[in-house]
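Residue numbers (our numbering), protein chains in the order written: chain A, 2 to 311; chain B, 2 to 311; chain C, 3 to 638; chain D, 3 to 638.
So the structure is just underneath, and the comments pick up after that.
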Amino acid sequence: MDAAGAAAGFCLEDYEGGAPRWCPGCGDLAVLNALQRYVRDEQLPPEKIAVISGIGCSSRLPHYVKAYGFHGLHGRAFPVACGVRSRRPDLHIFVATGDGDCCAIGTAHWIHAIRYNMNMTIMLLDNNIYGLTKMQSSPTTGKGHYSNTHPGGAPLTPINPLMTTLSITNASFVAQTVDWNPPHLYATLAAAHKHRGTSFVRVLQRCPHFMSGYFDEMQKDPMLVRLLTHDKGIAIDDAVKKAFPNRAEHDPSDLAAALSFAGDPEAHPVGLLYSNEQAEHYDDFTAQGLGTDAKAKVAAIEKELDRFTI
Amino acid sequence: MDAAGAAAGFCLEDYEGGAPRWCPGCGDLAVLNALQRYVRDEQLPPEKIAVISGIGCSSRLPHYVKAYGFHGLHGRAFPVACGVRSRRPDLHIFVATGDGDCCAIGTAHWIHAIRYNMNMTIMLLDNNIYGLTKMQSSPTTGKGHYSNTHPGGAPLTPINPLMTTLSITNASFVAQTVDWNPPHLYATLAAAHKHRGTSFVRVLQRCPHFMSGYFDEMQKDPMLVRLLTHDKGIAIDDAVKKAFPNRAEHDPSDLAAALSFAGDPEAHPVGLLYSNEQAEHYDDFTAQGLGTDAKAKVAAIEKELDRFTI
Amino acid sequence: MPAKEATEEGISQRARLAQVVNQHIVEIVSDSGEGAQTCGQMFGTISAKMGNGVWTVEIIPAEIEPPFRSRAGASGNRIRVGKGVVTNMGDQADLVVAFNEQVLYSRIDDNAIAKGAHILLESKWKEDRLPEIRAAYAEAMKDFEERGFIVHEVPMEEECLKVVSDPRRGKNMWILGMLSAIYERDVSLIDAELERKFKRKGKDVIQKNVDLVRAGYDWAGENVDLRFRIPVAPSDVPMVVMNGNTAVGLGVMAAGMELCSMYPITPATSASHYLAGSFQKVGGVVHQAEDEIAAIGFALGASYAGKTPVTITSGPGLALKTEFIGLAVMAELPLVIVDVQRGGPSTGLPTRVEQGDLLAALFASPGDAPKIVMAPATIEECFHFMVTARKLAESFRGPVMVLTDANLATGQQNFPRPEVKEEWIAPPVDQSPWDGEVRPYEWDETTGISQRPVPGQRGGNYVLTGLAHDEKSRVAYESAINQRAMEARSRKLAALRKTLKTPEVYGDEEGDLLVVGWGSTLGAIEEAVDRLRDEGQRVSSVHLRFLSPLEPGLREIFSKFKKVMTVEINYSDDPDGLGDARRYAQLAWMLRSETLVDVDCWSRVPGTPLAPGMIVDAVRSRLNAPAEIKRSQSAQ
Amino acid sequence: MPAKEATEEGISQRARLAQVVNQHIVEIVSDSGEGAQTCGQMFGTISAKMGNGVWTVEIIPAEIEPPFRSRAGASGNRIRVGKGVVTNMGDQADLVVAFNEQVLYSRIDDNAIAKGAHILLESKWKEDRLPEIRAAYAEAMKDFEERGFIVHEVPMEEECLKVVSDPRRGKNMWILGMLSAIYERDVSLIDAELERKFKRKGKDVIQKNVDLVRAGYDWAGENVDLRFRIPVAPSDVPMVVMNGNTAVGLGVMAAGMELCSMYPITPATSASHYLAGSFQKVGGVVHQAEDEIAAIGFALGASYAGKTPVTITSGPGLALKTEFIGLAVMAELPLVIVDVQRGGPSTGLPTRVEQGDLLAALFASPGDAPKIVMAPATIEECFHFMVTARKLAESFRGPVMVLTDANLATGQQNFPRPEVKEEWIAPPVDQSPWDGEVRPYEWDETTGISQRPVPGQRGGNYVLTGLAHDEKSRVAYESAINQRAMEARSRKLAALRKTLKTPEVYGDEEGDLLVVGWGSTLGAIEEAVDRLRDEGQRVSSVHLRFLSPLEPGLREIFSKFKKVMTVEINYSDDPDGLGDARRYAQLAWMLRSETLVDVDCWSRVPGTPLAPGMIVDAVRSRLNAPAEIKRSQSAQ
Ligand SMILES: Cc1ncc(C[n+]2csc(CCOP(=O)(O)OP(=O)(O)O)c2C)c(N)n1
Ligand SMILES: Cc1ncc(C[n+]2csc(CCOP(=O)(O)OP(=O)(O)O)c2C)c(N)n1
Ligand code: SF4
Ligand code: SF4
Ligand SMILES: [Mg+2]
Ligand SMILES: [Mg+2]
């Protein structure tokens, strides 16, 4: 694929920003790579890409993509992305967020961004911890797990971002993948980008620095992960199939089944849980009147002024 | 019941604060009345009651209850209530919030309060509109409905607060009732208060001032409402039964069924959707060490200081 | 039509009695929902049409539907009508129409009614079926007399019933008619207004209202002896009349902005309501966000993408936007923020006026976050400042705060119709290739200004960040880079200040006392100055529109006066007894630092606009105060 | 043991060479994760134990795991060791241990190393298998020489390999041993420290570390000719050593607070980490909220319920708490807010020091929101101010802001062990019946103070609200009530101010120049004043702990100096060329307004603490500056 991409115009380097400054082995790197390869394969013009993030290790991602980027405030990537989208239907918007960024401080915006269903791809890099601030519990940290804010162990069972996302009216694309399976990661991002609306992709992401070995069990015991397959789902090849022997056929238009896979305590679902092309797009509302020229505007304002003229 | 209550000590008047200043016919009044009757019937000492709210018409409720009250900031009733609870297991906490207060600006706290599952009763007075600020759309306003911010009609299908609440790990009590059926309202508040943990009660609440006739159809066409019945559910008498001819038996420990009732586009569920006594209580964590006396504290601090003494 | 003839005759007869006044203040108060507000607004509009200056103030109850016949429930309008331009709400009312005696008490409590004022009071309560109401009415009548009001009992309901069956829905129009007779208003103008207002509701509704107006007019023609004539001077340029929130909304459109991203909050929301209804016609959209943080975040997203937006809010909402405002300064994102100030702190007095957010506007964001802060002083300026604000936000690349307040927001005034210019409209987003040589923060050495690439511009890509960064927007931790970047952002204010003019002094350029004001108090302050000068006092005033940077030359101006004091609608300790512990009003505090002049202040937080008379009294008492003991001091 | 004997002999020989110095600055820098920080901290601790004053500063890389051998990656510690009390990080380092030459460059870039400093450099790179590394090393060696450093090549890894198999996990202890020889530290103290530190990890780990320390000590004994002797003066009172965040955490406990409600943010979080580990032992709990708004809301809930809590944050978090802080002022809820200031604006420099939040602390909340703001100047004060803050929050019934900064937060210093008193501990929540006669906001006429009922107190029930309210906490819209309530809240600051003492001048009470500072700069400023006075300059300083209300008597103090200037770690325009457009440093700006003295300022935002030498230079240049043209001016 690399060769093909290069021949067509933009090559991988055209999407490479500053040298990534993540720890060795950090799962964020896999996501960055998949994203760069995908946009190269799709030959998206770099100037038409906006990568938007909050604050966190994961939110450093825009700095490493050679494109327009917005590395904003902790928890606030979604409103910014929605605002960019509101008057710019021409841009490709990718959002990088962390489990603290999205599921703690960003909760309100997460819920509402899903509801708005504006065209963008959300990548939740969920390492189950606060990385950048050095190992505090996040809402997805496992119960009893040691952290700097909970040296006695996190007191609560983690929230389930998939279930909560699925529960939001207008959710239109909900998928899960893992950083340690690049082909599935790539295929998931591809499907997400091609979907019109807000695609929510949760990536289980390893943080070797603070959560060393945390996902080992999942990587070792294939029964802990369940690959969801369907011809309306994420495209998978044999290698992916082989990596996930525990598989289930799941029609992504079935919300009830999606909720039950998402909530299954036995196995983490990987694949497309839900997709709905019919969901409403708030960008249809916000893009109204785009391109009205100055003359037309002045004329309309004059009419408005007439209403107040005495 | 009134007579019995009065004989026992506290009478209704002992719970009556300032004269309610809601519009005539406002559904908030029914909730206030049910609450006052319930605490009177239970003979809860007024000084042991804390009624906490955000900002909105509905959030004026604490002013009308003669008890301790906290009429705080828009969207922020939940953290305040959790904070009160954190070190005061002895208080009875009731939270009054509106659909804007809870489901818009308060979204993050709503999600996390449900997760904390601290002992309190939440009353979401959902009139599907911003009342106090004069008729702007809320996240629960019906699609296409006229409002001052959406004179062309609200652009999106409303969110479903029941489904979203149900989707949160650790949700422990989720019910819905309507302001126009006082016995069911009362019974629901009673069950909610008796449940240990966070009880989330959504009250469909009429706002005659800005949403005149909005719930008429539901009131008229009995098929639009479905009463959930179960002996682990909300206690109902014959009058309630009669008012809701469309009924379904629903075991509140069945989350999947709860989700499907909550999401059913045909009929609004009324009754107890979900209850789980096993959910973890974050107040068990926050109340640690309560009552440690000054001597013990000083001794422990001295030990801490030893660690830094050179 | 005999009725009409009778009317005209009655009028012409009584017209001879008309007392000529330069201005009059009329209030109409009712229970909430009885329509006093509409009545008052229309009275203001037709007065403006006839060529009077007007200023209207809403009288808003605290609750949506307060109990009827209650002091807390007073709802209505105050209309000040004058010979020339009217710049403020004035002092006490000269004439009040009250739907019941209790709502009148609310105005009496607020000290809003002049001794000797004419009170036109609904008389039906006299014969109410409830004895307590009859008693309350009778008692009030006695009390009103003792207070020196001239009460005219008016059988409003009775008269309306002759025209319509439900008098609660028509009394206001009947009163409008009555007032038109008393003030010699041209009723045909009312017809036109009604035509326009009820166009959608159909002919019958229009006719019913016309009839009510006529009935009130006729009744007054025959039964009321009062006549006031306020000389008119029809304008030779087209005039508009509107409130400040509408002016802001229109200004947003005239600036060519295309997005208003907001969350509802009183008293700002009505600006968004206006925009929500009209913005689409000019290709714009209102986004109601899930909260204020999301509102400004969304706005900044649009700004980053090339469309400078506006976000409109009030105190509590501003507090929530604090963090994002810091980002807008740091990352240099153009944005217009309108803060319609209300009573604070915290939830405070949501519907009432205050000028309490000045220091928060300047300093709320942690770290050094220099930004432009402006305050329109009139409703007309509410419009024009939006056009300026968008331009400044873009040329100086950052947030511009525009501070209005509840007084401007809900007050109505007439002013010359703006001539909208095509060059006011923001140009389309530049999508031409970017000159790769130009760095995204290539700060000009002296002005700190740099050019901004916009997504879509090939070769312009950069990663915006709120972290400390260099000219390439690369995260940087080096001391020198941080110092340089902070300096660049600060320089922009100095650069703007260079372009600002020294403000003009109203009155003589030297004297005993200079009043300094900002924002909505302009009219009241200048009227107070006029009155004081008429008394022979050597008083002048100066009014600031730019608060950050401050307009230049203030020290010079101040040096020509024995005493300088600000007049503001915010809290300050009165001087007595507190010595150095005294806390100053917000502008006063800034000006002391800026000029090192011992600027005094008089400020109040009544929740109402300041009346010129209050200012006159305050200035007079400071003029008479013994020389200050505390003197300004320079280092030795 | 022959090894030990050899060591002692070596030492006694070389001890004769020891150079006696009053203070020395040592830096240890490595790639992140190599343990230079632990090494430095232990070196500081044992120095303190021996009776030296110490001040340690963390050298923190920007990333969690930056690339190795990179300038951005320098991680480590600076330890200033002195004869008496050491109050600040000092100027340039005298001796540096570097794990590679690249991290050293990071310190050179920061201008942190003195010309003539001794550099003890890991020599293994000389023979690295990668030619580019060998080249870089060789080049650096040449360069270091040119820069005037005295480089000692040390085969650290090689020597460690003699003791352990993985030298990356032991080099730091070996270096600690080496430094102990050079500075004549008592190695048995290290043993004790290791014992304590690795208690949980077991004997083997302890022994391995002991061996490494001994090996380094011995090696230096035989191979390094440097010996520095810093006279010790063991304290006769028990001493503690800790950083400011730990001191805050301990102070929270000593104040008897039971709840820390927080959201993680650098550089504040480590205070919560400390508390999370220790709070349960004193019956307290740390709540990690979903965001900063929830954190302060939760805290205020607990406060309302009778338990005054603390919330700890930094700039961006403070911005989010703005609205709730306004409520705490309005509803008079006791709360301690610690803001550990970092570089701003916006996300800024998260790990670095700044004093940029002063004006935000005072003015961020819209409306008039008077609150108490204090700033500890030492790590010891970080502890004690928490006790004071809780008391003030309760007696003055409102939020108390405590401003520390990244310098205090992560710096370590030794100070007398506090004697914790039972009366510091907050009493249990009062649950006795409430005297129904006392209103919940019965504001004292002169102090504005009122008594607060707490849920559970029979008869005390009231409904707290952020709306304007009367003494009964009833929502009120009347002008007079609003004015009165605002006055009451304002009076509390005046009342507190009356109890404050005039700050003491450091140095003579009159002179040519007075430096005014606040917060963490105390030590550096006073050291600079000492040096300037030693030069014969007539310079003094004064340091403020209370910023709101300001301590009294400043005008008096300032009047005795020809020039007054603040020294702050925040942004201000330098005076040159800007004229009146110059923007002042935050305290300077406040003091100008407060005193009307033409207070000048010198401030910088290097992201590092200010070194005394920088201050000396700045003051010197201001002393030499031509007389200011702009003079303070009084109104005529
Ligand atoms: C308003 C605000 N609060 C807190 C912080 C500090 N902070 C930065 S990143 C972060 C959490 C990071 O966790 P996560 O979102 O899971 O990202 P990760 O580093 O794990 O990728 C926090 C609390 C901040 N920068 N701004
Ligand atoms: C921070 C902040 N933003 C906005 C407001 C204005 N505000 C007050 S109540 C309200 C919405 C009320 O709607 P809801 O919560 O549904 O309550 P209701 O009045 O319908 O009962 C808003 C937007 C505010 N007080 N504070
Ligand atoms: S701390 Fe964890 S998440 Fe952050 S860069 Fe390192 S490995 Fe990745
Ligand atoms: S506006 Fe609606 S919700 Fe508010 S008090 Fe009136 S009826 Fe009730
Ligand atoms: Mg994370
Ligand atoms: Mg509502």
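Even glycine gets a Cβ: it sits at the ideal position worked out from N, Cα and C.
Where do the ends of the alpha helix (DSSP H) carrying residue i lie?
i               : result
L625 of chain C : 614–626
H113 of chain A : 108–117
C83 of chain B  : 78–87
V40 of chain B  : 29–43
On the DSSP letters alone, give me the boundaries of the beta strand (DSSP E) that residue i sits inside.
i               : result
E36 of chain D  : Careful: E36 of chain D lies outside any beta strand (DSSP E) and carries neither H nor E.
T293 of chain A : First-last for T293 of chain A: undefined, no H or E at that position.
T199 of chain B : 199–205
N646 of chain D : Residue numbering for chain D in the displayed model covers 3 to 638; residue 646 of chain D lies beyond these limits and cannot be assessed.
E383 of chain C : Looking at the DSSP string, E383 of chain C is not in any beta strand (DSSP E); the run it does join, the alpha helix (DSSP H), is 381–397.
R557 of chain D : Here R557 of chain D belongs to no beta strand (DSSP E); instead the alpha helix (DSSP H) covers 556–560.
Does the beta-carbon distance from residue i to residue j come in below 8 angstroms?
i               : j               : result
R392 of chain C : A257 of chain C : yes
F262 of chain A : L229 of chain A : yes
T448 of chain D : R493 of chain D : yes
S49 of chain C  : V83 of chain C  : yes
H75 of chain A  : I94 of chain A  : no
I160 of chain A : I130 of chain B : no
P457 of chain D : W436 of chain D : no
For a contact meaning CB atoms closer than 7 angstroms, what does residue i contact in chain B?
i               : result
P159 of chain A : T170
Would you say residue i reaches chain A, if we count a Cβ-Cβ gap shorter than 8 angstroms as a contact?
i               : result
G258 of chain C : yes
P156 of chain B : yes
S288 of chain D : The displayed chain sequence assigns Val, not Ser, to residue 288 of chain D. It does; some Cβ of chain A falls within 8 angstroms.
Check the Cβ of residue i against every Cβ in chain C and list those closer than 8 angstroms, keeping chain order.
i               : result
I106 of chain B : Y265, E292, D293, E294
Name, in chain order, the residues that DSSP records as bridge partners for residue i.
i               : result
H269 of chain B : B:V226
N79 of chain D  : D:I30, D:E60
Between residue i and chain C, is any beta-carbon pair separated by less than 8 angstroms?
i               : result
P63 of chain A  : yes
E480 of chain D : yes
Would you please verify whether the beta carbon of residue i is less than 8 angstroms from any beta carbon of chain B?
i               : result
R116 of chain A : yes
Counting only Cβ pairs nearer than 9 angstroms, list the residues of chain D close to residue i.
i               : result
R585 of chain C : D370, P372, S492, L495, A496, P551
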